[in-house]
C-alpha cells in the first residue's frame, strides 16, 4: 500500500496545474439619462399671473379745493366812465369797420361797382387797429388813445394782443352772422351747393360769441365773454402819457378835444 500511495503522489505531482484564463470584462452600457419632467402649464400660468399683478395703489386723500377767489379790479385803477366807454366804441368801430358803411350803402342802392379796393383797405385798417396798435403801441387801440382808457387784467398789466383781436372781431361776427341769416331767409334754406351751405352754417355760428358776450355782461355787469376768458380784463381810466412821442402824441392830443366837448364825462357806468 505504501508503494501505491507514493506512485499516486508522484503522478499527481507530474500533472501541471490548469491555468485559469480570466474572462474579458464586458462593458456595461451606461443608463440613458432620464429627461426632466416638463413643468405643468398651470404652474407657468400662476407665475405669469403673479408677475402681472401690480402693486396695490395707495389711496390718496383728496385735498379740499381752495375756494375760488372772485376776479376783481386792482385797487390802483378806476373803471372808465360811460362817456369814455362810448367814445372808445365809436372810434374803434369807425377805424376798424367804417369802410364797410359805403360798401353796404352802395350795395343797398343796387349799383354795380368793384368793392375790392374797399375790402383791401378795410382789412388793412382792421390789422392796424386790432393787432399792430395793441402789440406795438403801448397795448392800446386807437379808441383807447382818444378816449384816454386802457385795458388791464388782475395783475394791472395790459392783456396780449389776441384779446384785442377777438374782442374787436365781435362786430365782424355780427355783420357776417346777420348776412348769413338774411341769405338763408331769402333762399328759404341753406342753399343747394355745398359751399353755400357751409357759408350759411359758419355765418350763423358766428352769432354765438356776441350773444354769449351780451348775456354775460347782463348777468355779471363788468365782465363779458372775452374778459372772462382772459382771466379778468377791465377798461380803466388813464391820464395823459408823458412817454408818447411822434404820431402817438398827436393821436393822444385828440383826447383834449373830446374832453373839452364833454364826451369823457365823469359819470361812471353802474355795475
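In the working numbering, the protein residues as written are 516 to 786. Note that beta-carbon positions come from the ideal geometry of N, C-alpha and C, so glycine has one too. Remember, predicted model here, so these are calculated numbers, not experimental data.
- The C-alpha of residue 646 lies about 35 Å from the C-alpha of residue 700.
- About 5 Å separates the beta carbons of residue 633 and residue 614, which is inside the 8 Å limit, making them a contact pair.
- The three-state secondary structure of residue 596, taken from DSSP, is strand.
- If you ignore the 5 residues before and after residue 770, its C-beta comes within less than 8 Å of the C-beta of 660, 661, 662, 663, 755 and 779, all in its own chain and listed in chain order.
- As a beta-bridge residue in DSSP terms, residue 667 pairs with 749.
- DSSP, reduced to helix, strand and coil, places residue 652 outside both helices and strands of the structure shown, so it counts as coil.
- In this structure, residue 683 and residue 611 form a Cβ contact; the two beta carbons are roughly 6 Å apart against a cut-off of 8 Å.
- If you compare the alpha carbons of 666, 594, 608 and 639 with that of residue 745, the shortest gap goes to 666.
- The criterion of a C-beta distance shorter than 8 Å is satisfied by residue 686 and residue 608.
- In this model, residue 712 and residue 586 are separated by some 41 Å (Cα to Cα).
- Annotated as proximal: residue 752 and residue 593, with beta-carbon spacing under 8 Å.
- The Cβ atoms of residue 597 and residue 750 lie no closer than 8 Å to each other.
- For residue 765, the number of other beta carbons within 10 angstroms of its own is below 16, and it is reported as exposed.
- The shortest CA-to-CA distance from residue 670 to any of 762, 773, 591 and 760 is the one to 591.
- The alpha-carbon separation between residue 677 and residue 708 amounts to approximately 34 Å.
- Short of 6 Å from the beta carbon of residue 655, and not among the five residues preceding or following it, lie these beta carbons of its own chain, in chain order: 665.
- Considering only 743, 774 and 768, the residue with the shortest C-alpha distance to residue 668 is 743.
- The Cβ-Cβ distance between residue 694 and residue 658 does not fall below 8 Å.
- When secondary structure is reduced to three states using DSSP, residue 660 falls in the helix class.
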